[in-house]
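Since the structure comes first, as C-alpha cells, the remarks are kept for the end.
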Amino acid sequence: MSPHDNKPNNGTSATSPCGGCSGPQALAAPARGQLASGHAPLDDLLAHCEALYLDYDFEVLSEWKRKNPKGAAVGYLPAYVPREIFHAAGVLPVGILGAGEQLEIVRGDACFQSYICHLPRSVVELGASGRLKSLDGMVFPSTCDVIRNLSGIWQIMFPEKFTRYLDVPQTTDPRVGQAFFRQVISDLFRDLCELTGRKPEECDVSASIRLYGQNRAAIRELNALRRVEPWTVPGSEAYLVQRAAMLLPVEEHTQLVRDYLAAAKQAGRKSQDHARVSLCGVFCEQPPLGMLRTIERSGCAIVDDDAMQILRWLPTDLEGGDDPIDALAEAWCLDISESASRFVPDGTCKGAGFVKTVQECEADGVVFAAPSFCDPALLDRPMLVDACEAAGINSTSFQYAENTGQMQPIREQTGTFADSIKLWGDE
Amino acid sequence: MSAEQKQEPGTLREPSMLRQKAMTEGHYKRLAQAKETGKKVVYTFVPGNLTELLLAFDVLPVLPEINALQSGMRKRSGEYIAEAERQGHSEDVCTYVKCDIGMLLEGNVGPTGELLPEPDLLLLSYTGCFTFLKWFELLRERYDCPVAMLHVPYQSQGEIEPGMVEYVVEQIQTEVIPKLEEITGRKYDEDRVRELLGHSARAEDDLVAVLESAKHRPSPIDSYFGGVYYIGPLFTAFRGTLEAVEYYAQLRRETEERVRRGLGPITPAGEMSEERFRLVVEGPPNWTHFHQFWSMFHEQGAVVVASTYTKVGGLYDRGFRHDPSRPLETLAEYCLGCYTNLSLPARVDMIADYVNDYEADGFLINSVKSCNSFSAGQLVMLREVEERCGKPGAFIETDLVDPRYFSASNVKNRIESYFQMLDQRRAAETGEASPDRAPQRVTPS
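Read top to bottom, the protein sequences are chains V and E.
Letter 213 of the first sequence, counting from 1, is numbered 225 in the working numbering, and no numbers are missing.
Letter 355 of the second sequence, counting from 1, is numbered 357 in the working numbering, and no numbers are missing.
Structure follows, in C-alpha cells:
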C-alpha cells in the first residue's frame with residue numbers, strides 16, 4: 013500500500029487532471045476549461061507548476077498531510093536519495109531545493125559565512141521560519157561538504173526532528189559499493205518505517221520501484237521531445253514540470269508529465285531557430301526561473317540540463333526482484349551517469365560521458381552556469397570545458413546564485429554566445 | 003654534524019624541532035631521487051592516510067596539502083593560484099587545489115627546491131573532504147596513472163556505525179592493496195604492516211603525552227602553531243617508522259623537561275614568558291602569513307592549549323591507537339575517526355571538552371574561505387560551544403594559502419578586541435582592574 017492510497021484523487025480522477033495535486037493556486041482557482049481528452053490546457057498546467065515552484069510555504073505539503081494523517085513527509089536535498097523506499101514506507105519524499113529569490117534570508121545568513129553557497133542559507137531560513145514544520149524529517153545526501161555539514165546544523169537546530177545523512181558510495185567497484193549502499197538504504201528504510209509505524213517486511217518496495225520507473229519513463233519522454241522540438245517543450249517549461257516532482261506524490265507527477273506532454277503537443281507552437289545549448293552546473297542550487305527564461309529570450313534553446321538529476325538516474329525498467337533494496341543499490345552502482353557529485357572511476361575519461369550527452373542532444377554549445385562557491389560544479393568545470401574543446405564544442409561560463417536578480421549580464425553573455433554559434437558555428 | 007648541532011643563531015629551537023626539519027628534508031630528498039632509486043611514489047591525503055600500508059610496500063608518499071601549505075609559507079602560493087585561475091579555475095574554490103595545480107603547471111618543484119616525482123598511483127582517501135574527489139580527478143587528467151579510490155563513510159550520527167569498518171576494509175583489500183601490488187610488484191606483507199603499526203602506537207602514546215602537556219600552567223607547547231610546526235610530522239610520511247618513534251620520544255622528554263622547569267612554549271620570537279590567555283582553536287591556520295598570524299597571539303601572551311586542526315590526522319588524544327593485532331580494521335577505524343569525518347555535533351562536543359579539560363579562557367575559530375569541510379557550520383558551532391561552556395568565542399576569517407584573503411589589520415583588530423574582552427571579563431570576575439594591554443615580552447635566545 014502506498015502512502016497515497018488514502019487520497020481521494022490518486023492520479024486517475026477525471027476532475028483533477030494531475031491527480032488531485034493541490035498547489036496553492038490550484039486550491040484557490042481550479043483548472044479552467046479542460047480539453048475533451050481530459051487534459052488541462054497548457055497554460056493552466058504551467059500555472060499550476062509555477063505555483064508549486066513558488067510554494068515556499070509548502071501549502072501543498074500541508075494539504076497532503078491533512079489528507080494523509082497516517083502518512084509522514086520527509087525532505088531531501090540534492091542530488092540523490094532513493095525515493096522508492098520513502099514511498100514504500102508510506103513517506104512522501106519532498107525535495108527541498110532552497111527558496112530561490114523569493115525569501116529574504118536573515119537567520120540563514122547568521123549560519124554561514126559569505127563564501128558559502130546560497131542554498132544552505134535558504135534551507136536554514138525555511139526551517140527556522142517554520143515553513144518546513146509539516147516535514148517529519150530531513151535527509152541530507154553526500155553531495156558535497158556543505159550539504160554534509162548542513163545535516164549537522166539540522167541536528168543542532170532541530171534536535172526533535174528525524175535527521176539522516178545518506179552516504180552514497182563513491183567506490184569504483186560496484187560489488188563493494190553495492191553491499192555498503194544496501195546497508196545504508198536498509199537502515200534508512202527501517203527508520204522511515206518507524207515514522208509511519210509500518211513494518212519493513214510488509215512494505216511493497218517493488219511496487220514503489222515500478223512507480224518511479226514509470227515516472228522516469230515519462231521524464232525521459234519529456235526530455236526526448238524537448239531535444240527534438242525545443243519550441244514545443246522549452247527548457248524553462250521542462251524545468252517547471254520536472255520541479256513539480258519535488259512536491260507531488262509520484263503517481264500525480266507522472267500523470268502531470270503525461271498531461272503536459274499531451275497539451276504541449278497539441279499547442280501547435282511554431283518552430284524557432286534558436287541556438288541549441290546544454291546547460292551544465294545547475295544540479296544542486298537551483299537556477300532562478302528568470303535565469304532560464306533569460307537564456308531562452310537571448311536566443312538559446314535549452315535542449316538539455318543537469319537540473320534534478322534524481323529524476324533521470326536509474327533505469328526506467330528497474331525491477332525489485334527478490335531483494336528490491338539490493339536492486340536499488342545495484343542500480344545506483346551500475347549507473348554510469350556523470351555528475352559533479354560523483355567520482356568518475358578509473359578507465360573512464362572525465363567529461364566523456366558529458367560530451368556524449370551533449371552530442372546526443374545535438375547541442376550547438378554548452379552554457380556552464382555554476383552556483384557561486386559550489387565546489388563540485390566549479391572544480392568540474394575546467395575538466396568539462398577541456399573535454400568540450402577537445403570535441404569541438406563551444407562553451408560559455410558564468411556563475412549565479414539562486415537569488416540572482418540581475419539578468420541583463422547573463423542575457424548579454426548568452427545572447428552573444430547564441431549569435432556566435434549562429435554566425436560561426438559551422439566554421 | 004648532527005641535526006641537534008645545527009642551531010641557527012638568533013632563533014630558539016629545541017633539538018626535536020631541528021630533528022623534524024631534517025626528517026622532512028630527508029623525505030623530500032628521497033622524493034627527488036625516486037626516479038634514480040626506482041622508488042614508487044603514491045600521492046595521497048593527510049586525513050585517512052594509510053601510511054603504514056604504503057611504507058609496507060616501500061613506496062614514498064606525497065601529500066599535496068603539505069606541498070600546498072609549504073608553498074604558502076614560502077610565498078609561492080599566490081603565483082601558483084593565479085596560474086590555476088588563468089587555466090580556468092574559479093576564484094571561489096579550494097586554494098589548496100589551485101596551489102597544487104599551479105605548482106604542477108609551473109614545473110612541480112617541491113618545497114626544498116627539488117623536483118617532485120610524478121605519481122605512480124593516486125590513493126584517493128576520500129575522508130572528510132569532498133574536494134579530494136575533484137582534486138584527484140584533476141590530477142588524473144595530468145598524470146597517466148591509476149587512482150585507488152577509498153570511500154570512507156561519514157560519522158553522521160557521532161559514531162562508527164555497523165558495516166562501516168567492514169566496508170573500508172573491503173575496499174583496502176579489493177582496491178588499494180591490489181593496486182599497490184601492481185605498481186610495486188610486491189605482495190602484501192601483513193607481518194610488515196603489523197610491525198609498522200606497532201611503531202605507530204608507540205609514537206602515538208608519546209604524541210598524546212606531548213599534546214596533554216598543555217593542561218599544565220604554563221603550557222609548555224602551543225598546540226596550534228607549534229602543533230602544526232614541529233609536532234606534526236607524525237601525520238605525514240613518518241607514522242610507522244622508527245624515526246617517528248624516536249622523534250616523539252625525544253619531543254616528549256623535552257616537553258616534560260619544560261613542564262618541570264615551568265617554561266612556556268617556544269615561539270618564533272623566543273620563549274613565551276607569561277601565559278595570559280589559554281585558548282582552544284578550531285580550523286586550519288593561515289599559511290601565507292603564518293609567523294605574523296602566530297605573533298598576534300604570542301605577543302599578547304596567548305597560548306593555544308588545544309586545537310582541532312592537529313586532529314585531522316587522527317584523534318589519538320581521544321583514545322585512538324593503531325592496533326597491530328587487527329591491521330586492516332585498525333586502519334579503517336583510523337580513517338573513520340579523523341576530525342573532519344566527524345559530525346558537527348561531535349565537533350562541538352570535542353571543542354567544548356577541550357575548553358573544559360584544558361581550562362581555556364575561550365576559543366577562537368579561524369574560518370578559512372577555501373575549506374567548506376571545515377567552515378560550513380562554524381558559526382553555528384561558535385554559538386553552541388559558547389552556550390555549552392559559558393566561555394566567549396572569537397571568529398576570524400582568513401584563507402589557507404591564498405594571500406589575497408589574509409587581511410592582517412582586520413585579523414589583528416579582532417584578535418586584540420577579543421583579548422581585551424577576555425581581560426575585562428577576568429577583571430569583572432576577580433574585581434581587579436583590567437591590566438595594561440601592552441604586548442608582552444618574550445625571552446629572546
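Here a beta-carbon is modelled for each residue, glycine too, at the ideal position from N, C-alpha and C.
Point to revise | Reduced DSSP category for E:Phe397 - H, G, I as helix; E, B as strand; rest coil | key: Here E:Phe397 sits in strand by DSSP.
Exercise for review: Using only alpha-carbon positions, find the residue among V:Glu401, V:Thr428, V:Glu350 that is nearest to E:Lys136.
Suggested key: Looking only at V:Glu401, V:Thr428, V:Glu350, the smallest Cα-Cα distance to E:Lys136 is reached by V:Glu350.
Exercise for review: Decide if E:Ile179 is buried, meaning its Cβ has at least 16 other Cβ atoms within 10 Å, or exposed.
Suggested key: Buried is the call here.
Practice item. Please say whether V:Arg255 and V:Cys373 have beta carbons closer to each other than 9 Å? Key: In this structure, V:Arg255 does not lie closer than 9 Å to V:Cys373 by Cβ.
Check your understanding: Does E:Thr176 get closer than 9 Å to chain V when you measure Cβ to Cβ?
Key -> Taking Cβ atoms only, chain V reaches closer than 9 Å to E:Thr176, which makes this a yes.
**Study point:** chain E within 9 Å of V:Val93, Cβ atoms only
**Key:** No, V:Val93 does not count as interfacial toward chain E.
Exercise for review: Taking a Cβ distance cut-off of 8 Å, strictly less, list which residues of the region 291 to 303 of chain V are near chain E, in chain order.
Suggested key: When CB distances to chain E are screened at a threshold of 8 Å, not a single residue of the region 291 to 303 of chain V falls below it.
**Study point:** Under the three-state DSSP convention, the category V:Ala48 falls into
**Key:** Low confidence applies to V:Ala48: its pLDDT is 42, below 50, so where it sits in the model is not reliable enough to give any reading.
**Study point:** Environment of E:Leu117 [buried if 16+ CB atoms lie within 10 Å]
**Key:** When all chains shown are included, E:Leu117 counts as exposed.
**Study point:** Rounded straight-line distance, which links the Cα of E:Leu106 to that of V:Phe410
**Key:** Distance from the CA of V:Phe410 to the CA of E:Leu106, rounded to the nearest whole angstrom, comes to 26 Å.
**Study point:** Residues from the region 359 to 386 of chain E in contact with chain V, defined by Cβ distance under 7 Å
**Key:** Near chain V, meaning a CB-to-CB distance below 7 Å, the residues of the region 359 to 386 of chain E are Ser369, Lys371, Asn374, Ser375, Ser377, Ala378, Gly379, Leu381, Val382, Glu386.
Practice item. My understanding is that V:Ala10 touches V:Ala364, with C-beta atoms under 8 Å, so please give their C-beta distance in whole angstroms. Key: Not covered by the structure: residue 10 of chain V. The range shown for chain V is 13 to 439.
Exercise for review: Round the Cβ separation of E:Ser221 and E:Glu277 to the nearest angstrom and send it over; I've been treating them as touching at under 8 Å.
Suggested key: Contact holds; Cβ gap of about 7 Å.
Review point. Out of curiosity, what's the CA-to-CA distance linking V:Glu249 and V:Leu58?
Key: The straight-line gap from Cα to Cα measures roughly 7 Å.
Review point. At a CB-CB cut-off below 7 Å, which residues of chain E make contact with V:Phe192?
Key: Under the 7 Å cutoff, chain E gives Gly165, Tyr169.
Exercise for review: Could you pull out every residue in the same chain whose Cβ sits closer than 7 Å to the Cβ of V:Glu419, ignoring the five residues on either side in sequence?
Suggested key: According to the sequence displayed, residue 419 of chain V carries Met and not Glu. Within the same chain, Gly302, Met303, Thr306 come within 7 Å of V:Met419 by CB-CB distance, once the 5 residues on both sides are set aside.
Review point. Taking only beta-carbon atoms, is E:Lys136 less than 9 Å away from chain V?
Key: Yes - at least one Cβ of chain V is within 9 Å of the one on E:Lys136.
Exercise for review: Consider the Cβ of V:Leu391: report whether some Cβ of chain E lies at a distance smaller than 9 Å.
Suggested key: Yes - at least one Cβ of chain E is within 9 Å of the one on V:Leu391.
Exercise for review: Sort out for me which residues DSSP pairs E:Asn368 with in a bridge.
Suggested key: Beta-bridge pairing links E:Asn368 to E:Ile398.
Point to revise | Short CB-CB distance (under 9 Å) between E:Val149 and chain V | key: For E:Val149, at least one C-beta of chain V is nearer than 9 Å to its own C-beta.
Exercise for review: Using a threshold of 9 Å, state whether the C-beta atoms of V:Pro300 and V:Thr416 are closer than that.
Suggested key: With respect to the 9 Å criterion, V:Pro300 and V:Thr416 are classified as neighbours on the basis of their beta carbons.
Review point. When Cβ atoms are compared, which residues of the region 140 to 154 of chain V fall closer than 9 Å to chain E?
Key: Cβ contacts with chain E: Phe152, Ser154.
**Study point:** Uninterrupted alpha helix (DSSP H) stretches inside the region 39 to 116 of chain V (no shorter than 4 residues)
**Key:** Look at the region 39 to 116 of chain V and you find these whole runs of alpha helix (DSSP H), each 4 residues long or longer: 54 to 65, 71 to 79, 95 to 100.
Review point. Is there at least one Cβ from chain V nearer than 9 Å to E:Arg320's Cβ?
Key: The Cβ of E:Arg320 sits no closer than 9 Å to any Cβ of chain V.
**Study point:** Three-way DSSP call (helix, strand, coil) for E:His153 in this model
**Key:** Of the three classes helix, strand and coil, the one that applies to E:His153 here is strand, per DSSP.
Practice item. Determine the closest residue to E:Ser369 out of E:Gln380, E:Glu197, E:Tyr360, E:Asp363, with distance taken between C-alpha atoms. Key: By alpha-carbon distance to E:Ser369, the top candidate from E:Gln380, E:Glu197, E:Tyr360, E:Asp363 is E:Gln380.
Exercise for review: Report, in whole angstroms, the separation of the C-beta atoms of V:Leu104 and V:Gly83, which I expect to be a contact under 8 Å.
Suggested key: Contact flag correct, Cβ pair sits at about 6 Å.
Check your understanding: Contact check, V:Gly2 vs V:Leu291 under 8 Å by CB: the rounded distance?
Key -> The question about residue 2 of chain V has no answer here: the residues shown for chain V are numbered 13 through 439.
Exercise for review: Let me know the secondary structure DSSP gives V:Ser34 once reduced to three states.
Suggested key: Caution applies to V:Ser34, whose pLDDT of 33 falls short of 50 and renders its modelled position unreliable; the value that the coordinates give is listed next. Of the three classes helix, strand and coil, the one that applies to V:Ser34 here is coil, per DSSP.
Check your understanding: Can you find a heavy atom of the ligand COA that lies under 8 Å from the Cβ of E:Leu198?
Key -> The ligand COA is not part of the structure shown, which contains no ligands of any sort.
**Study point:** Closest by C-alpha distance to V:Ile231, when choosing among V:Glu297, V:Ile168, V:Tyr272
**Key:** Of the candidates V:Glu297, V:Ile168, V:Tyr272, the residue whose Cα lies closest to the Cα of V:Ile231 is V:Tyr272.
Exercise for review: Can you check the region 246 to 291 of chain V for any alpha helix (DSSP H) of at least 4 residues that lies completely inside it and give the ranges in chain order?
Suggested key: Runs of alpha helix (DSSP H) with 4 or more residues, each lying fully within the region 246 to 291 of chain V, are found at 247 to 255, 262 to 278, listed in chain order.
**Study point:** V:Ser310 beta carbon less than 9 Å from that of V:Ala430
**Key:** Remark: C-beta atoms of V:Ala430 and V:Ser310 approach each other more closely than 9 Å.
Point to revise | Pairwise C-alpha distance: V:Gly149 and E:Gln407 | key: The residue you asked about is not Gln; residue 407 of chain E is Tyr in the sequence shown. One C-alpha to the other measures close to 38 Å.
Exercise for review: Quick one: list the residues of chain E neighbouring V:Cys400, beta-carbon separation under 8 Å, in chain order.
Suggested key: Under the 8 Å cutoff, chain E gives no residues; its nearest Cβ is about 12 Å from V:Cys400.
Check your understanding: What in chain E is Cβ-close to V:Val385, meaning under 7 Å?
Key -> According to the sequence provided, residue 385 of chain V is Phe. The question's Val does not apply to it. Those are Asp94, listed as they occur along chain E.
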